[in-house]
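Residue numbers (our numbering), protein chains in the order written: chain X, 7 to 236; chain H, 7 to 236. Structure first, commentary second.
Protein chains: 2
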Amino acid sequence: MSDTPSERKRGSGARMVYDLLRDEILDLKLAPGSPIDEVQLAERFGMSRTPIREALVRLSGEGLIETLPNRSTMVAAIDFLNLSPLFDALVLMYRVTTRLAAQNHRAEDLPALHRLHADYAASVAARDTSAMIATNAAFHAAIAEAGRNPYFTGLFSRLLDESRRMLHLYYRSYEEQFPQRFVDEHAEIIAAIEAHDLDAADRLGKAHAEAIVVQVQALFSRNDRLDIPL
Amino acid sequence: MSDTPSERKRGSGARMVYDLLRDEILDLKLAPGSPIDEVQLAERFGMSRTPIREALVRLSGEGLIETLPNRSTMVAAIDFLNLSPLFDALVLMYRVTTRLAAQNHRAEDLPALHRLHADYAASVAARDTSAMIATNAAFHAAIAEAGRNPYFTGLFSRLLDESRRMLHLYYRSYEEQFPQRFVDEHAEIIAAIEAHDLDAADRLGKAHAEAIVVQVQALFSRNDRLDIPL
DNA sequence: CAATTCTTTTTTGTCGACAAATAGAATACA
DNA sequence: TGTATTCTATTTGTCGACAAAAAAGAATTG
């Protein structure tokens with residue numbers, strides 16, 4: 007299990023490690039709390055510790071890993087006890103980005119939205135949870151981009167990343183449920199954006215976000231009960 | 007002009023460089039577009055390039071510097087042509103953080119707010135523009151903290167940083183105007199927070215933000231005209 | 001046998017050096 | 001003289017090595 011591409015472009019090392027570690031963290035391939043060993047990573051990627059370190063610094067800046075000075079660094083924990091700030095921020099960003107997309111999008115943004123919408127619908131039909139999570143995030147990130155406010159886009163991306171880990175947990179527990187409903191809501195959102203209907207986009211974005219939040223909250227409140235072993 | 011503390015704590019190097027560079031960038035001591043030379047910084051701080059590099063990676067992650075691969079890195083430019091996204095985000099975060107502070111603050115948060123409010127009033131009275139900028143940012147950051155949503159706090163801090171550079175430009179051009187008005191508005195905001203009046207906090211936060219935005223916009227629209235040399 | 005001190009081991013933070021990449025200067029050529 | 005090409009110089013990205021810190025384990029002492 008060693009990827010050692012002996013030929014690499016100069017300057018791409020840290021970027022590659024960053025992207026890969028980020029995906030592994032967000033897809034729960036690296037469990038929250040897992041220790042991260044620089045030397046081990048250096049061997050795995052066939053490079054020195056320096057670019058590994060740069061990737062870790064960036065991941066730390068985004069809060070995806072936590073670093074104890076002079077000691078271990080590990081995958082950031084998921085704070086299940088303080089989910090409401092995350093949900094509050096998510097709902098607001100869903101609203102704002104959807105509203106801004108209705109206001110600021112251009113015609114050339116729409117094909118990408120339709121394509122990502124179709125991708126999501128396809129992954130739902132195929133019952134591919136990983137693809138669902140990825141395509142859903144890409145869909146909403148594209149909406150945010152169409153809203154053309156990089157500050158909102160940045161925060162929203164971060165929130166989507168954070169919830170990506172939680173959605174993996176969610177779909178692990180409820181593999182039988184596949185949200186056709188969300189596909190329909192996505193279609194409504196696109197329609198509101200295309201119609202430049204700011205208020206409808208805002209309202210739909212809010213409802214969409216809250217529906218997701220309710221489902222995830224239901225999961226975790228149920229998990230709380232299961233935590234008591236008999 | 008060389009600070010060479012020959013004795014330093016292990017692990018504090020990058021942090022120190024980061025903090026100092028960050029302040030110099032935000033206070034316009036390093037002009038936007040200025041080149042940043044790693045070797046020069048290494049000599050200036052009496053350390054190797056490695057911790058310098060770590061600081062630069064973090065600054066880059068926050069968008070305070072821009073890096074051309076394999077080539078120069080420089081202080082991020084201020085995008086005067088696209089200010090409305092910044093202003094939009096600022097106004098929304100002013101609203102949200104103030105509202106959340108009214109909702110979630112605890113009694114122990116209030117002394118700090120009053121103290122920071124007094125600090126700001128003092129710096130306005132003393133006509134110390136640098137202190138005004140710093141204490142105003144600290145005041146609103148404290149309000150955001152009292153709102154207890156780290157995601158909003160994070161974005162808001164970043165927006166305050168970004169506007170910190172612009173406020174320096176603003177006060178450079180208008181040293182004669184000192185906003186006693188903002189001091190009064192701060193007092194109203196504190197009152198609304200203490201009264202747990204969410205809607206009033208929201209409304210005051212919005213009005214406060216928009217007043218600032220209007221002033222800054224007035225500056226830059228005037229500058230646009232002055233840009234034409236005669 | 002418990003608690004404390006000392007030693008070893010592991011992992012990080014820092015360093016100096018080298019190689020790749022690029023910009024600019026110098027050169028060759030039409 | 002203008003343009004293309006080569007050369008040089010500067011700056012970055014990467015490497016291997018070393019030293020400081022902290023944890024884990026061993027030894028000592030009461």
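A virtual CB, placed ideally from N, CA and C, is assigned to each residue, including glycine. Keep in mind that this is a model prediction, so the values were computed, not measured.
Shorter than 8 Å from the beta carbon of residue i to some beta carbon of chain X?
| i | result |
| --- | --- |
| H:L63 | This sequence places Val at residue 63 of chain H; Leu is not what is there. So, interface residue. |
| H:G67 | yes |
| H:G211 | no |
| H:P75 | yes |
| H:V222 | no |
| H:D94 | yes |
| H:G17 | yes |
| H:P185 | no |
| H:Y157 | yes |
| H:I234 | Residue placement at H:I234 is poorly supported in this model, since its pLDDT is 41, which falls under 50; the coordinates still yield a value, given next. It does not: the Cβ of H:I234 has no partner Cβ on chain X nearer than 8 Å. |
| H:V97 | no |
| H:L165 | yes |
| H:L161 | yes |
| H:V219 | no |
Expressed to the nearest angstrom, what Euclidean distance is found between the alpha-carbon atoms of residue i and residue j?
| i | j | result |
| --- | --- | --- |
| H:D43 | X:A118 | 40 Å |
| H:T104 | H:D94 | 16 Å |
| H:H174 | H:I139 | 8 Å |
| X:P41 | X:A83 | 11 Å |
| X:D203 | X:A108 | 6 Å |
| X:K212 | H:R133 | 44 Å |
| X:R171 | X:A144 | 15 Å |
| H:H192 | H:V23 | 33 Å |
| H:V63 | X:P91 | 28 Å |
| H:L161 | X:Y100 | 15 Å |
| X:E60 | X:D205 | 43 Å |
| X:K35 | H:E200 | 45 Å |
| X:T73 | X:P38 | 13 Å |
| X:E30 | H:E68 | 23 Å |
| X:V189 | X:F158 | 23 Å |
| H:M14 | X:N76 | The amino acid occupying residue 14 of chain H in the given sequence is Arg; Met does not appear at that position. Answer to the nearest angstrom: the Cα atoms are 15 Å apart. |
| H:A197 | H:H111 | 12 Å |
| X:E49 | X:L27 | 14 Å |
| H:E194 | H:R187 | 11 Å |
Would you decide whether residue i is buried or exposed? Buried here means 16 or more other CB atoms lie within 10 Å of its CB.
| i | result |
| --- | --- |
| X:S18 | exposed |
| H:D208 | buried |
| H:R154 | buried |
| X:F86 | exposed |
| X:E151 | buried |
| H:T56 | exposed |
| X:S169 | buried |
| H:S179 | exposed |
| X:S78 | exposed |
| H:A224 | exposed |
| X:A113 | exposed |
| X:D25 | exposed |
Tell me residue i's beta-bridge partners as DSSP assigns them.
| i | result |
| --- | --- |
| H:T73 | H:T79 |
If we cut at 8 Å on Cβ distances, does residue i have a partner in chain H?
| i | result |
| --- | --- |
| X:D205 | no |
| X:L60 | Sequence inspection shows Glu at residue 60 of chain X; the Leu mentioned does not correspond to that position. Yes, its Cβ sits closer than 8 Å to a Cβ of chain H. |
| X:R170 | no |
| X:P38 | no |
| X:P91 | yes |
| X:R154 | yes |
| X:L173 | no |
Where does residue i sit, in a helix, a strand or coil, going by DSSP?
| i | result |
| --- | --- |
| X:I84 | coil |
| H:P38 | coil |
| H:M172 | helix |
| X:K212 | helix |
| X:R112 | coil |
| H:R231 | Because H:R231 sits at a pLDDT of 47, beneath the cut-off of 50, its placement in the model cannot be relied upon, and the following sentence gives the value as read from the coordinates. Note: H:R231 maps to helix in three-state DSSP. |
| X:P185 | coil |
| X:S163 | helix |
| H:H202 | coil |
| H:R296 | Past the boundaries of the shown model lies residue 296 of chain H; chain H is included only from 7 to 236, so the question cannot be answered. |
| X:M53 | coil |
| X:R16 | coil |
| X:L236 | At X:L236, the pLDDT of 46 sits below 50, so the modelled position is not reliable; the number obtained from the coordinates is stated separately. The answer is coil: DSSP assigns X:L236 none of H, G, I, E or B. |
| X:D29 | helix |
| X:A132 | coil |
| H:N142 | helix |
| X:R105 | helix |
| H:D94 | helix |
| H:L190 | For the record, residue 190 of chain H in the displayed sequence is Asp; it is not Leu. Reduced to three states, the DSSP call for H:D190 is helix. |
| X:R154 | coil |
| H:E68 | coil |
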